[in-house]
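J.: Can you keep this structure in mind? I'll have questions shortly.
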Amino acid sequence: MTQSHTKISQYPPGDFAIWIFIYAELLVFGIFFLSYAFARSQNVELFNESQLNLNRISGAINTLILITSSYFVVRAVAAIRENKSLLCARWLLAAIVLASAFIGIKLFEFISIYSEGISLSTNDFYMFYLSMTFFHFMHVIMGMVILIAVMLKAKQGGYSNEDHTGVETGASYWHMVDLVWIILFPLVYVMR
Amino acid sequence: MSEKFTKSMARNIFYGGSAFFFLFFIALTFDTTAKLPERDHRENITEQVVLGKKVWEDNNCIGCHTLLGEGAYFAPELGNVYKRFGNSKEAIIGFIKSRPVDGIPGRRSMPQFNLTDEELDGIAEFLKWSSEINTANWPPNIQG
Amino acid sequence: MQYKSQAVAKPYFIAAIALFVGQIVFGAILGLQYVMGDFLFPEIPFNVARMVHTNLLIVWLLFGFMGAAYYMVPEETETELYSPKLALILFWVFLAAGVLTIVGYLAVPYATLAEITGNDLLPTMGREFLEQPTITKIGIVIVALGLLFNISMTALKGRKTAIIMVMILGLWGLAIFFLFSFYNPENLVLDKIFWWWVVHLWVEGVWELIMGSILAFVLIKMTGVDREIIEKWLYVIIAMALISGIIGTGHHYFWIGTPEYWQWWGSIFSAIEPIPFFMMVIFAFNMVNKRKRDHPNKAAMLWAMGTPVVAFLGAGVWGFMHTLAPVNYYTHGTQITAAHGHLAFYGAYVMIVLAIISYAMPLLRGRAAANSKKSQVVEMWSFWLMTVAMIFITLFLTGAGILQVWLQRINENPMGFMEVQDKIAIFYWMREVAGIIFLIGLILYVVSFFVGGDEEEASS
Amino acid sequence: MDKTTTTKSNLRPCTWVWLTLMVLTLAVLTVGQMGLGGVTIVALLLVSTLVKTHIVADYFMGLKQGRLLWRMIIIVYLWIIVSMIGLAYWLGIS
Chain D
3 MTQSHTKISQ YPPGDFAIWI FIYAELLVFG IFFLSYAFAR SQNVELFNES
53 QLNLNRISGA INTLILITSS YFVVRAVAAI RENKSLLCAR WLLAAIVLAS
103 AFIGIKLFEF ISIYSEGISL STNDFYMFYL SMTFFHFMHV IMGMVILIAV
153 MLKAKQGGYS NEDHTGVETG ASYWHMVDLV WIILFPLVYV MR
Chain P
143 MSEKFTKSMA RNIFYGGSAF FFLFFIALTF DTTAKLPERD HRENITEQVV
193 LGKKVWEDNN CIGCHTLLGE GAYFAPELGN VYKRFGNSKE AIIGFIKSRP
243 VDGIPGRRSM PQFNLTDEEL DGIAEFLKWS SEINTANWPP NIQG
Chain R
582 MQYKSQAVAK PYFIAAIALF VGQIVFGAIL GLQYVMGDFL FPEIPFNVAR
632 MVHTNLLIVW LLFGFMGAAY YMVPEETETE LYSPKLALIL FWVFLAAGVL
682 TIVGYLAVPY ATLAEITGND LLPTMGREFL EQPTITKIGI VIVALGLLFN
732 ISMTALKGRK TAIIMVMILG LWGLAIFFLF SFYNPENLVL DKIFWWWVVH
782 LWVEGVWELI MGSILAFVLI KMTGVDREII EKWLYVIIAM ALISGIIGTG
832 HHYFWIGTPE YWQWWGSIFS AIEPIPFFMM VIFAFNMVNK RKRDHPNKAA
882 MLWAMGTPVV AFLGAGVWGF MHTLAPVNYY THGTQITAAH GHLAFYGAYV
932 MIVLAIISYA MPLLRGRAAA NSKKSQVVEM WSFWLMTVAM IFITLFLTGA
982 GILQVWLQRI NENPMGFMEV QDKIAIFYWM REVAGIIFLI GLILYVVSFF
1032 VGGDEEEASS
Chain F
3 MDKTTTTKSN LRPCTWVWLT LMVLTLAVLT VGQMGLGGVT IVALLLVSTL
53 VKTHIVADYF MGLKQGRLLW RMIIIVYLWI IVSMIGLAYW LGIS
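This is the structure:
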């Protein structure tokens, strides 16, 4: 037990391979955020004006959804650590349901923007808004796929309190998706 | 206790990540091709332009020149040569026609390709059309 | 050599080296034409010589990859090749197609070649690196499919290691993306967009899988480090390579008529493209430090260690230098690109093929584990001569490029292209000297195969 | 055994983290709906972003327990991103 304990503290939760991926993804998102901020400083008026056109309410709702979903995943990890596979699967299911709500709201946002005739080429602000939110959107889908896979395995009792690296791996990725959105929302929707 | 850094997870990330980013690339390409008509002025691709591109390829012009910055770096950029030659097709045709068969002693020279008048007109039309593509303001100046 | 059918790799490697020599000879001719414009004119004009130079490069690297595949697949899958005969037939087909194409380039004007090979029926010729007659392209596809059939069938009946799966995936990708070379729309912009699907997705995509798998194979063999560890890192590295490299294609979509957002997408993703190369350096040196045996083939080790280092320099550092859109605006289509292209290709692909040849050839020739000390010393000399010469070629071309950008693009009174070329001729002369040294290094490399002496036994 | 006990004590802070995140998000929304801007507001928003991401990394991701290195990578990253964004906004004002 002590040996496994030192192993735990050696690496962050989950499979270390996912962490290499997480750091790389954060790097990409980070460059995107900074590109946005510095491009904005060249053209503050355009960015401020276009920003007003965004639906802040749906953005905020999505933030709440994602945070809560992340919290549910935390509960799922806690459940499997107590060897409660079914409970873990249920928390994961709740997180997945919220994630699909995020997808739905985001799609609604994209459609309404698209119906205004706005695209990547409209102006720099929309280029960033669409690039970053769509890139993040794809990550939510990817995260959902991972969570679904983990949930199915958990349901079949594939994890235990001894061996649940898979759950932690999926959870770590999902928290990353959440973390990125927590920066993205105030940056793109609110800050002016 | 299982390994904390497993090959199977690394493999999943490779396959999943690659597929993910390739899909994304396809999505962006899709958007690009949808936007292209506004930028490449394809309505101006006449029969002459099509012939010109063929002549361009059949004589391997890209083996010395760049076109929109891509190709060999031995001879001048031709994406904007129409403008550099004073918006003149005749100047382009005249230049190509007048290349000496045996070259210029000690200097780089374009070969004499013995093109027909129709082909010459085609290549000039092709270069004219190329100069009208929206290239985000590239090259920085007329020298290419 | 553990499996009899591995022997088919030998002709592939020999052909690769022979064509490599041809490539460098034409490189030297090109270098001279840069400073003596009328050299060999009009017999071999620059465009023809360049076409021979670049096409030979592609063909001999493909020979190298194929040879590597035939060598690695039986050993990795622990079973004889599905059909050694097919491999030999394909060798002769590919060699004939390659040689005939090169002869065609040199014997008749390109336009005549286009005419007699029926380019009017399905025009695919006359685009950079894809100059081959359509019929040659079809030949390449057939050879690639034959190879894929052969090694896939072998892998199916044998052990499926990560290394071999990655290699097969890379070769499949190579074949599939090559199909875009048959798409040649009348619209130049579309043509260019999908031309990069061959060129970029080859060299900054699927070729990296092949390179990674060869490197991993050589490292396992030479260091004796646990396969699990090496394969794990292989996956992580190629994952990073594709994650950055696929959308990194965008750095070619800055100025060819594509929408402006590519300037951001291309810059951001290609900015992280050096990371996999950096990881590769760390990985290779780590594995050597953890080595469980000292392999007697020091020369192969040198190539295997040199590959990630020079690839990182050429592809990573020199690539990053001009990949950001605001920089590329000025450097696009100048000698800077040529500098990057030379070092990247040499580091990533030339060196990895030479590494596997260096490792496999002694075994293919029935020697104990490595060539004699004397032979290895000559080979290591060739390593240093070629590598240092290539670094100098890169530095001189970079110098030429910086001056060119300054005089032609940034200056308030920009000079014309040809005028600038005269001003930077001194760099081209120095490049040519470095090129000759590279050629000497290459000759030495060939010589090393004929140096005798007592062979090195494998130590445990 | 010690693992389960540490886990149990982890859940309660996570619940607090969740509630904090919800409250801070609603605060951000209020700021946005009021159309507020300027140096102070941007600074406040950035600080709240830093706080939110910090606690997500520490508690949700569970980096507080592990080796310091993995946590520091994220922390340093967050500080760099947030301060650079601040710098860019400051440049936009002047």
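If you're matching them up, the sequences are chains D, P, R and F in order.
Sequential numbering from 3 applies to the first sequence in our numbering.
Sequential numbering from 143 applies to the second sequence in our numbering.
Sequential numbering from 582 applies to the third sequence in our numbering.
Sequential numbering from 3 applies to the fourth sequence in our numbering.
Cβ atoms here follow ideal geometry from the backbone N, Cα and C, with glycine treated the same way.
1) Is DSSP giving A951(R) helix, strand or coil here?
2) So, is the C-beta of F104(D) closer than 7 Å to a C-beta in chain P?
3) In chain order, what residues of the same chain lie with their CB nearer than 6 Å to the CB of A1071(R), ignoring the 5 residues before and after it?
4) Counting only the same chain and skipping the five closest in sequence on each side, list residues whose C-beta sits under 7 Å from that of S1041(R).
5) Measure the C-alpha to C-alpha separation of I837(R) and W777(R) and round it to an integer number of angstroms.
6) Using a Cβ-Cβ cutoff of 8 Å, what residues of the stretch 905–923 of chain R are near chain P? List them in chain order.
7) When you compare the CB positions of V616(R) and W1010(R), do they come within less than 7 Å of one another, or not?
8) Whose C-beta lies closer than 7 Å to the C-beta of G245(P) among residues of the same chain, with five residues either side of it excluded?
9) Going by DSSP, what residue range makes up the alpha helix (DSSP H) through E812(R)?
10) Is A668(R) near N765(R), with beta carbons less than 7 Å apart?
11) Going by the C-beta, is L755(R) closer than 6 Å to any heavy atom of the ligand FMN?
12) Alpha carbon to alpha carbon, how far is L726(R) from G679(R)? Give it in angstroms, no decimals.
13) Answer yes or no: does any C-beta atom of chain P fall closer than 7 Å to that of M144(D)?
14) Flag V30(F) as yes if its beta-carbon sits less than 7 Å from any beta-carbon of chain D, otherwise no.
15) Applying the 10 Å Cβ sphere with the 16-neighbour rule, what's the burial state of G40(F)?
16) Go through its chain and collect everything with a Cβ distance to L621(R)'s Cβ below 8 Å, but skip five positions before and after it.
17) Going by Cα to Cα distance, which pick from L210(P), I155(P), A169(P) and T171(P) is closest to K270(P)?
18) Note down, in chain order, each residue of its chain lying with its Cβ closer than 7 Å to the Cβ of E170(D), except the 5 sequence neighbours on either side.
19) Measure the alpha-carbon distance for Y38(D) versus F127(D) and round it to whole angstroms.
20) With DSSP as the reference, label G197(D) as helix, strand or coil.
21) Starting from the Cα of G119(D), find the closest Cα among N55(D), L29(D), S43(D) and F137(D) and give me that residue.
22) Measuring only the C-alpha atoms, how far is I1050(R) from W987(R)?
23) Which chain D residues sit within Cβ distance under 9 Å of T148(P)?
24) Curious, which full-length alpha helix (DSSP H) runs of at least 4 residues does the stretch 205–257 of chain P contain?
25) Output needed for I716(R): all residues of its chain with C-beta closer than 6 Å, excluding positions within five of it in sequence on either side, in chain order.
26) Quick one: is M36(F) near chain D, going by C-beta distance under 7 Å?
27) Is it the case that the stretch 938–946 of chain R contacts the stretch 906–921 of chain R, given that we only count it when at least three CB pairs across the two stretches are under 8 Å?
28) Starting from the beta carbon of E789(R), find every residue of chain D whose beta carbon is closer than 9 Å, and list them in chain order.
29) Can you give me the Cβ contacts of I238(P) inside the same chain, cut-off strictly under 8 Å, excluding the 5 residues immediately before and after it?
30) Consult DSSP for E1038(R) and reduce its assignment to one of helix, strand or coil.
31) Can the beta-carbon of M748(R) be found less than 7 Å from the beta-carbon of L800(R)?
32) Are the C-beta of I938(R) and some C-beta of chain D separated by less than 7 Å?
33) Taking only the alpha-carbon atoms, compute the straight-line gap between N201(P) and A692(R) and give it to the nearest angstrom.
34) Mapping the DSSP letters down to three states, classify A278(P) as helix, strand or coil.
35) Cα-Cα, which of I849(R), A822(R), M821(R) and I819(R) is closest to H833(R)?
36) Are the C-beta of H141(D) and some C-beta of chain F separated by less than 7 Å?
T.: The short version:
1) strand
2) no
3) Within the shown structure, residues of chain R are numbered from 582 to 1041, placing residue 1071(R) beyond reach of any answer.
4) Note that S1041(R) scores a pLDDT of 45, beneath 50, so its modelled location is shaky; the value from the coordinates is reported in the next line. The answer, listed in chain order, is R874.
5) 11 Å
6) Y910, Y911, H913, G914, T915, Q916, T918 and A919
7) yes
8) S251
9) R808 to G829
10) no
11) Among the components of this structure there are no ligands whatsoever, and the ligand FMN is therefore not found.
12) 17 Å
13) yes
14) yes
15) exposed
16) I610, Q614 and A630
17) L210(P)
18) P15, G16 and V79
19) 8 Å
20) Lying outside 3 to 194, the shown extent of chain D, residue 197(D) is not represented and no answer is given.
21) N55(D)
22) Look at the range of chain R in this structure, 582 to 1041, and you will see that residue 1050(R) is not part of it.
23) D17, F18, A19 and T167
24) 223–226 and 231–239
25) T698
26) no
27) no
28) Here the premise fails: no neighbours, minimum Cβ distance about 16 Å.
29) M252, F255, L257, L262 and I265
30) coil
31) no
32) no
33) 5 Å
34) coil
35) I849(R)
36) no
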